[in-house]
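Colleague: Can you keep this structure in mind? I'll have questions shortly.
Chains as they are written, first to last, in this note's numbering: chain U, 1 to 237; chain W, 238 to 474.
Spelled out as C-alpha cells, the structure:
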C-alpha cells in the first residue's frame with residue numbers, strides 16, 4: 001500500500017476507479033466544509049439569506065452521498081477488492097455517510113438562523129457559537145486532510161480535539177442555561193442558539209468518526225469504541 | 238433471491254455465514270430495543286438504577302457493532318458477494334451502525350434520568366415522553382421485523398410513521414417551551430426532558446434509516462433522500 005491508500009494494480013482502470021471515488025468523497029468533503037462555514041456565518045451575522053442557501057445546497061450533498069455509495073457498491077461487485085483496497089472502499093462509504101450527516105447539521109443550524117431572523121437576536125451565546133464553530137471546522141478540515149494523505153497521526157489529533165470540544169460544549173450549555181434563567185422572555189431565542197451549539201457538537205463527533213475511518217484504513221483496526229488511549233496505542237504501533 | 242435475503246449457494250458454509258451475520262445484527266437489534274424500552278421506563282419512573290444499567294449495557298452493543306462489521310468485511314474479502322448478497326452485507330453493516338447510534342441515544346436518555354434523580358422531577362413533559370417512546374419503539378420493532386422478513390411494505394410503513402413522529406415532536410417541543418416560560422426555576426429540569434424527547438426523535442430517524450436499508454436490500458434502490466412519495470413508488474414497483 002502506498003500513500004494513495006490502495007495497492008497498485010496491473011489494471012490501470014481499477015486504480016483509476018479507486019482514485020476517482022476517493023476524490024469524489026473528498027470533493028463532497030469540501031462542499032460540506034463550505035456548508036458548515038456558511039451556516040456558522042449565517043447564525044452569527046443573523047443572515048437568513050445565507051441560511052436559505054445552506055438549506056438549498058444540502059441537496060446536492062445528499063445526491064453526492066448516493067452516487068459515492070453506488071460507485072463503491074459497483075467496485076465491490078466488479079473488482080472484488082481485498083485487504084487495503086477493501087478497507088479503502090469501506091472507509092469511503094462510511095466517511096460519505098458522516099459527511100452527509102454533517103450537511104444535515106449545517107442545515108439545522110441554518111434553520112435556527114431563520115427562526116432567529118424572525119424572533120430577534122438571542123441575548124447571548126454567539127461567542128460560544130464562534131468558538132465551537134472554529135474548533136469543529138478545524139477538526140473537519142484535519143479529518144479530510146488525514147484521509148487525503150492517509151495520515152493516521154493527524155487522525156488521532158482530530159479525536160483528541162473532539163474531547164476538548166465536548167468539554168467546551170458542556171460549559172457553553174451552562175452559559176445558555178444562565179441566559180434563559182436571567183430572562184425567561186428570551187428562552188425561545190436562546191434555545192435556537194442551544195440547538196445550533198448542539199449541531200456543532202455533532203459535527204465534531206462526525207469529524208471524529210471520519211478520523212476513525214482513517215485509522216481503520218491505515219492500520220486495519222476498528223477504533224470506534226476504544227477510547228483515546230487505546231487509539232493512540234494503535235496509531236503508534 | 239428468496240425470503241432469506243440472499244441467493245442459495247452451492248457452498249453451505251457461505252449460506253451459513255450470511256445467515257449468521259444477519260442473525261447477529263437482529264440479535265443486536267433485540268438488545269437495542271431493550272435499551273430503548275428501559276431508558277424510557279427509567280425517565281418516566283425516575284429510576285436511576287435502571288438508567289445506570291442502560292448506560293452499562295450500551296457497551297456490549299458497541300462490541301456487537303464492531304464484531305458485525307468485522308464479519309461483514311471478512312465475508313466481502315473471502316466470498317466476494319455479488320448482487321443481492323452484496324446488498325445484504327452492505328445493508329447489515331449499515332443497519333448495525335444505526336443500531337449502535339440508537340444505543341447511544343438510549344444512553345443519553347438514561348443520563349437525563351440520572352440528572353433528574355438529583356435535581357427533582359420536571360413539572361411536565363412525561364406524557365410526551367411516553368407517547369413518543371411508544372411510537373419510536375413500535376417503529377424500531379417494525380424496522381427490525383421488516384429486515385428479518387425482507388418486507389419492503391412494512392419498511393415503507395416505518396418511514397411513514399417517522400413523518401408522524403416528527404410532527405408530534407414539534408408539538409411536544411412547544412409544550413416544554415411553555416413549561417420553561419411558566420416556571421423559570423424549572424428550566425434546567427425541563428431541558429432534561431427536552432433532550433430525552435430529542436433522543437427519541439433521533440431513534441425514530443435511525444429506525445427509518447434501517448427501513449431504508451431494507452428497501453435497498455429488497456428493491457436495489459437507494460431511497461435515502463427521495464421523500465415518501467418516491468419511496469412508495471419504488472416499493473410498489
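The beta carbon of each residue, even a glycine, is placed where N, CA and C say it ideally should be. Because the structure is a prediction, the values reported are computed rather than measured.
In the stretch 255-316 of chain W, which residue ranges form an unbroken alpha helix (DSSP H) of at least 4 residues, counting only runs that do not cross its ends?
Modeller: Listed in chain order, they are 285-316.
Colleague: From 444/W, 343/W and 271/W, pick the residue whose C-alpha is nearest to that of residue 394/W; which is it?
Modeller: Answer by Cα proximity: 444/W.
Colleague: Using the Cα positions of residue 258/W and residue 446/W, report the straight-line distance between them to the nearest angstrom.
Modeller: Approximately 19 Å between the Cα atoms of the pair.
Colleague: Just to make sure I have the definition right: I need the residues of chain W whose C-beta is within less than 7 Å of the C-beta of residue 181/U. Which are they?
Modeller: Those within 7 Å of residue 181/U in chain W are 421 and 424.
Colleague: What residues in the stretch 450-465 of chain W bring their beta carbon closer than 7 Å to a beta carbon of chain U?
Modeller: Those residues of the stretch 450-465 of chain W that come within reach of chain U (Cβ to Cβ, closer than 7 Å) are 459, 461 and 462.
Colleague: Please report how far the alpha carbon of residue 502/W lies from the alpha carbon of residue 397/W, in whole angstroms.
Modeller: Because residue 502/W is not part of the residues shown, which for chain W are 238 to 474, the question remains open.
Colleague: Quick check: the Cα distance between residue 40/U and residue 121/U, rounded to an integer number of angstroms?
Modeller: Residue 40/U and residue 121/U: Cα-Cα distance of roughly 15 Å.
Colleague: For residue 341/W, name the three-state secondary structure that DSSP assigns.
Modeller: If DSSP states are grouped into helix, strand and coil, residue 341/W belongs with the helices.
Colleague: Once you ignore the five residues that flank residue 169/U on each side, which residues in its own chain have a CB closer than 7 Å to its CB?
Modeller: Same-chain partners within the cutoff: 132, 197 and 201.
Colleague: Below 8 Å between beta carbons: does that hold for residue 295/W and residue 341/W?
Modeller: Closer than 8 Å, so yes.
Colleague: Restricting to Cα atoms, I'd like to know which of 256/W, 255/W and 292/W is closest to residue 268/W.
Modeller: It is 292/W whose Cα lies nearest to the Cα of residue 268/W.
Colleague: Report the option in 12/U, 237/U and 174/U whose CA atom is closest to the CA atom of residue 124/U.
Modeller: Here the closest residue by C-alpha is 174/U.
Colleague: By the 10 Å Cβ neighbour count, where 16 or more other Cβ atoms means buried, how is residue 228/U classified, buried or exposed?
Modeller: Result: exposed.
Colleague: Assign residue 409/W to buried or exposed, taking buried as 16 or more other Cβ atoms, counted over all protein chains shown, within 10 Å of its Cβ.
Modeller: Buried is the call here.
Colleague: Would you check if the distance between the CB atom of residue 24/U and the CB atom of residue 65/U is smaller than 8 Å?
Modeller: Their beta carbons are not under 8 Å apart, which means residue 24/U does not touch residue 65/U by this criterion.
Colleague: Does residue 457/W come out as helix, strand or coil in the three-state DSSP assignment?
Modeller: Residue 457/W: coil per DSSP, three-state reduction.
Colleague: Is residue 450/W closer than 8 Å to residue 338/W when the C-beta atoms are compared?
Modeller: The answer is no: Cβ separation not under 8 Å.
Colleague: When burial is assigned at 16 or more other CB atoms within 10 Å of the CB, is residue 315/W buried or exposed?
Modeller: It counts as exposed.
Colleague: Given that residue 73/U touches chain W, what residues does it touch there, using C-beta distances under 7 Å?
Modeller: Those within 7 Å of residue 73/U in chain W are 323 and 327.
Colleague: Under a three-way DSSP split, which group does residue 425/W fall into?
Modeller: Looking at residue 425/W - three-state DSSP - the assignment turns out to be helix.
Colleague: Between the beta-carbon of residue 154/U and the beta-carbon of residue 33/U, is there less than 8 Å?
Modeller: Contact: no.
Colleague: Among 460/W, 349/W, 470/W and 322/W, which has the Cα closest to the Cα of residue 284/W?
Modeller: The shortest Cα separation from residue 284/W among 460/W, 349/W, 470/W and 322/W belongs to 349/W.
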